[in-house]
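Visitor: Residues 1003 to 1113 (our numbering) make up the sequence shown, in order.
Where a beta carbon is used, it is the ideal one built from N, C-alpha and C, also for glycine.
Predicted, not measured: the structure shown is a model, and the values here were computed from it.
This structure is in structure tokens; I'll ask about it shortly.
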Amino acid sequence: MIKGIGIDIVSIPRIEKKVEQLANRILSEKEKKLYETITSKQEKLEFVAGRFAAKEAYIKATNLKEVNFKKIEVLKRKNGAPYIESKENNIHVSISHSEDNAVAVVIISKN
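Put into structure tokens, the structure is as follows:
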């Protein structure tokens, strides 16, 4: 049974000048470690924009009122697929980006 659906889109050019500030504000320690392995400027932008979009989509799917972005971890599986861990629910995450936008969809269902 679906408990919530969220979607969000982030303009990559809009975050370009403040990507480091945004990364420090929203990324968990594990996410920062992944971020620091990226060498391409465009890929860094896509990573932060994608994580931001996924976290916003998760917030919309859960209807959370007060949020600490660092506590929502969007990690990646061995195959590269993004995921958000939860003991209570199945959380399905999809992130896609183009040169200008990152979009994410989160679907939450019962375990």
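Could you give the distance in angstroms between the alpha-carbon of F1054 and the alpha-carbon of N1091?
Guide: Rounded to whole angstroms, F1054 to N1091 spans 21 Å at the Cα level.
Visitor: In three-state terms, what does DSSP make of L1029?
Guide: Coil, per DSSP.
Visitor: Looking at the unbroken beta strand (DSSP E) that takes in A1106, where does it start and where does it end?
Guide: 1103–1112 is the extent of the beta strand (DSSP E) around A1106.
Visitor: Please look up how many angstroms separate the CB atoms of V1076 and A1051, rounded, as I've assumed it's under 8 Å.
Guide: Not really, about 12 Å apart at Cβ, beyond 8 Å.
Visitor: Please identify the residue among P1084, K1089, E1101 whose C-alpha is closest to the C-alpha of K1043.
Guide: Nearest C-alpha to K1043: E1101.
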